[in-house]
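Quick note on numbering: numbering that gives the first Met the number 0 labels position 233 of the sequence shown as 232, and the sequence is numbered without any gaps.
Where is the CB? At the ideal position from N, CA and C, for every residue including glycine.
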Amino acid sequence: MKVPLIDVKAQNAPLAEELGEAFARVRDSGWYILGPELDEFESAMARRLGVKHVVGVSSGTDALLLAFMALDLGPGDEVLCPAFTFFATAGCVARTGATPVFTDVCPVCFNMDSDSARERVTPQTRAMVPVHLFGQSADMDSLQKVAGDHGLAVVEDAAQAIGARYKGTACGAIGQFGAFSFFPTKNLGGFGDAGMLATNDDDLAERARILRVHGMNPKYYHPEIGANFRMDALQAALLGVKASRLDHYNQCRAENAAYYTEQLSGLPGVATADEKDCCCPERREAGGGDVPRLILPVAYGHNDHCWNQYTLRVTGDGQREALRAHLAAAGVGCEVYYPMPLHHQACFRDLPERARGSLPVSERLAGEVLSIPIFPELTRGQQDLVIAGIRSFLD
Ligand SMILES: *Cc1c(COP(=O)(O)O)cnc(C)c1O
């Protein structure tokens, strides 16, 4: 038996009939871009998130770019981004002409560290982009405090966090904008590229809708320059079918995560990351305790984690690569999200030193993280194989 890292086809078979109906409806409507299918999807997502507005767009990346454009970010502006995230978070900042300024992250939850963010604020800082990496909310209260103290806009990169909550509020519904992705491997995966923006601000929503269609308002008159960020009707219709099952998918992911944690936490050399009793090696080393070989991810008590990834930390030189190879040999798919922190990416080499100075936690995580299969349709038998692979590695 092989265990893939993810099987994006698995959830479609039981939905085949409904997906077929949605496809036929769009096919026969003759309305293929934006339109009533998207209006309906946007309303359903707005209700689900508890926000006033949802704007469906062409991808998660475009959702971020559109948010930054709607906030008028541009040359001379600085935007705080975590260094440990997918490239798009910072790539979109740079695309507006603004400067991404990288912050370090928390070794327990992997998200933007508010102290690091505060240290990097300058008079040019206009916004911050907390990412809810792997499906767990960033520490929004502390980050919002930094933003409030310095008048920064907050754009949440919730691409991996649809269905996640922070203290009861949906991730992506807290800042000025929340950006979501429907890339096929995300918790709500589409049949191609798509994304959306969420906001409670009427003016920003209106601005984003206009910029989504080339800054056109009214038709063929362009008070400003936007782009084509439109979402297909077909994506909206198909995603609508899957969206009604999202809570179930997320529940399955949470059960899979709980099973891993239960089965792995008793193994020798394994520790669970803990909010109050941080077991990251730097603390253990300082305290003189044993450094765990494997650190399991943890969901903070105030968060509803939606488990887009179950990400281990494998400590010790070369150990992450060794575990990866060991699991691959056992037929278990795994992946490194992400091997290089953004402040070390070649494309950012010309940023000022202040924007990309040393960020020790991000650098360490990039060398230690390994994500193992967590997708909703993963079976217990498959999980047992992953667990057996990890156990034999530790032996
Ligand atoms: C997937 C992802 C994006 C980009 O979404 P696309 O739909 O692939 O463009 C942005 N940020 C993060 C953190 C992501 O995981």
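| Check | Outcome |
| --- | --- |
| Where residue 128 sits in the DSSP three-state scheme | coil |
| Inter-residue Cα distance where the pair is residue 298 and residue 111 | 16 Å |
| Span of the alpha helix (DSSP H) around residue 359 | 359 to 367 |
| Inter-residue Cα distance where the pair is residue 177 and residue 170 | 7 Å |
| Boundaries (first-last residue) of the beta strand (DSSP E) holding residue 180 | 176 to 180 |
| Buried versus exposed, by CB contacts within 10 Å (16 or more), residue 278 | Any reading at residue 278 is ruled out, since the residue's pLDDT is 48, under 50, leaving its predicted position unreliable. |
| Between the CA atoms of residue 385 and residue 165 - distance to the nearest angstrom | 30 Å |
| Cα-Cα separation between residue 74 and residue 361, rounded to whole angstroms | 26 Å |
| Top-ranked residue by Cα proximity to residue 6, from 327, 108, 375 | 375 |
| Rounded C-alpha distance that separates residue 332 from residue 316 | 21 Å |
| Burial state of residue 125, where buried means 16 or more other Cβ atoms lie within 10 Å | buried |
| Nearest-angstrom Cα separation, counted from residue 218 out to residue 308 | 43 Å |
| Sheet register partners of residue 156 (DSSP bridge) | 130, 178 |
| Cross-strand partners of residue 52 (DSSP beta bridge) | 198 |
| When 121, 229, 154, 220 are compared against residue 199, the one with the closest alpha-carbon | 154 |
| Three-state secondary structure (DSSP) of residue 145 | helix |
| Any non-hydrogen atom of ligand 1 within 6 Å of residue 58 CB | yes |
| Span separating the alpha-carbon of residue 372 from that of residue 202 | 41 Å |
| Residue 11 versus residue 3 - alpha carbon distance | 16 Å |
| Where residue 62 falls, given that 16 or more other Cβ within 10 Å makes a residue buried | buried |
| Helix, strand or coil at residue 398 [DSSP, three-state] | Residue 398 falls outside the range modelled here, since the chain spans only 0 to 394, and no answer is possible. |
| Nearest-angstrom Cβ-Cβ length linking residue 211 and residue 65, presumed shorter than 8 Å | 6 Å |
| Given residue 304 as reference, the closest of 236, 9, 157 once Cα atoms are compared | 157 |
| Residue 194: CB within 6 Å of a non-hydrogen atom of ligand 1 | yes |
| Residue 224 classed as buried or exposed, judged by whether at least 16 other C-beta atoms fall within 10 angstroms | exposed |
| Among 350, 377, 342, 380, the one whose alpha carbon lies nearest that of residue 363 | 342 |
| Sheet register partners of residue 164 (DSSP bridge) | 169, 303 |
| Nonlocal neighbours in the same chain, by C-beta distance under 7 Å from residue 93, ignoring five residues either side | 99 |
| Helix, strand or coil at residue 370 [DSSP, three-state] | strand |
| CB contact flag (residue 214, residue 1, <7 Å) | no |
| The region 25 to 32 in contact with the region 232 to 249 per 3-pair CB rule at 8 Å | yes |
| Limits of the unbroken beta strand (DSSP E) element including residue 251 | No beta strand (DSSP E) contains residue 251, which is instead part of the alpha helix (DSSP H) from 245 to 263. |
| For residue 91, the three-state DSSP class (helix, strand or coil) | helix |
| Nearest candidate by alpha-carbon position, reference residue 312, set 13, 290, 357, 369 | 369 |
| Of the residues 119, 186, 290, 132, the one placed nearest residue 249, counting alpha carbons only | 186 |
| Residue environment, residue 81, which counts as buried when at least 16 other CB atoms sit within 10 Å | buried |
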